[in-house]
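Structure record follows, encoded as structure tokens.
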Amino acid sequence: MPDHPVYSLLDDKGETPSLENLLPRVTPKQPPRSYSRAAFFCATTLNIVFLTAGILFFLEALRIRHDIEQEFISRVTSFSPASGVINYYPRLFNLSSEESMLYQGHPTPEITAAWDKITDDVRPMRIPMEWLSLVNTEDNETLVKFSEEDGGGAMASVGVLHQLHCVNLLRKATYPMYYKDDRFFTVPAEELRGHLDHCIELLRQTISCAGDVTVLTYRWKGDKPHPNFDKIHQCRRFDAIYNWAVQNAVHVPSDHIVRNKTSRSPN
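Plus 56 on top of the position in the sequence shown (first one is 1) and you've got this note's numbering.
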């Protein structure tokens, strides 16, 4: 059987069109511009929602943590207007650090100034009379107050500053010749002895109250075991408490402090 020729249509140029040219041309549809805007708006809105939710979650976590810390602090601390600045952190004790050396050793003007800065240089603060019951204080004739012209209120201070004052007094007592002209050492011997005994007992009770249970290991020094004090402790940031005390100090002349209106000389 004879083969039949295969015919193809020619284009205008006399060329055989390709299969691609014979297929119908399909132009992809572009999404309506309004649809693109809507999609962009939805995506942007979702991003804002997720970002806002993340920020709110983070802030809520911080609030919960703060509430937990404040609840803990309220359980281990008596009422104090300084409670809000209490912040705990781990601190490695190092008795030979540069900071430690500023507070120990034979007295120098620099060492004396460092101790005075965190003790006697900090002036007392003021608390409202309504707070007296909260700090276990009676409103009686022995109460020291600020005069009404200076704002009134009771004179007060935070405990750590007085405790450090006692440490400083005991430190000075070990260098009697250097501090012989110090105002605390120019009083009668019996009065000084009473002041020192007061400080020793205050520090005993304070240390016992804190009840530090940090585990101290021992190491050999020569042929004797010696405690290793370079341990991590959970501490309150003293600089925050100190700064709070400085910011809330009342600066008035000493003759502006007064007795209660019902004052009479205490026995």
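The beta carbon of each residue, even a glycine, is placed where N, CA and C say it ideally should be.
- Listed in chain order, the alpha helix (DSSP H) elements of length 4 or more contained wholly in the region 185 to 255 are 215 to 229.
- In the three-state scheme derived from DSSP, where H, G and I count as helix and E and B as strand, HIS312 is classed as helix.
- With fewer than 16 other beta carbons inside 10 angstroms of its own, ALA99 counts as exposed.
- In terms of CA proximity to ARG249, ALA229 leads the group ALA229, GLY267, TYR234, LEU259.
- Judged by DSSP in its simplified three-state form, TYR298 adopts helix.
- A direct Cα-Cα distance of roughly 10 Å separates LEU252 from GLU246.
- A direct Cα-to-Cα measurement between ALA296 and ALA305 gives close to 14 Å.
- In the structure shown, GLN261 adopts helical secondary structure according to DSSP, grouped into three states.
- About 5 Å separates the beta carbon of ASN316 from that of LEU199, a gap short enough to meet the 8 Å contact definition.
- One Cα belongs to MET157, the other to ASP195, and the distance between them is close to 43 Å.
- For the 8 Å CB-CB criterion, TYR159 and ARG292 do not form a contact.
- In the three-state reduction of the DSSP assignment, ARG179 falls in the coil class.
- Looking at the DSSP output, CYS98 shares a beta bridge with no other residue.
- Collapsing the DSSP output to three states places PRO163 in coil.
- By the criterion of at least three beta-carbon pairs nearer than 8 Å, the region 218 to 228 is in contact with the region 170 to 184.
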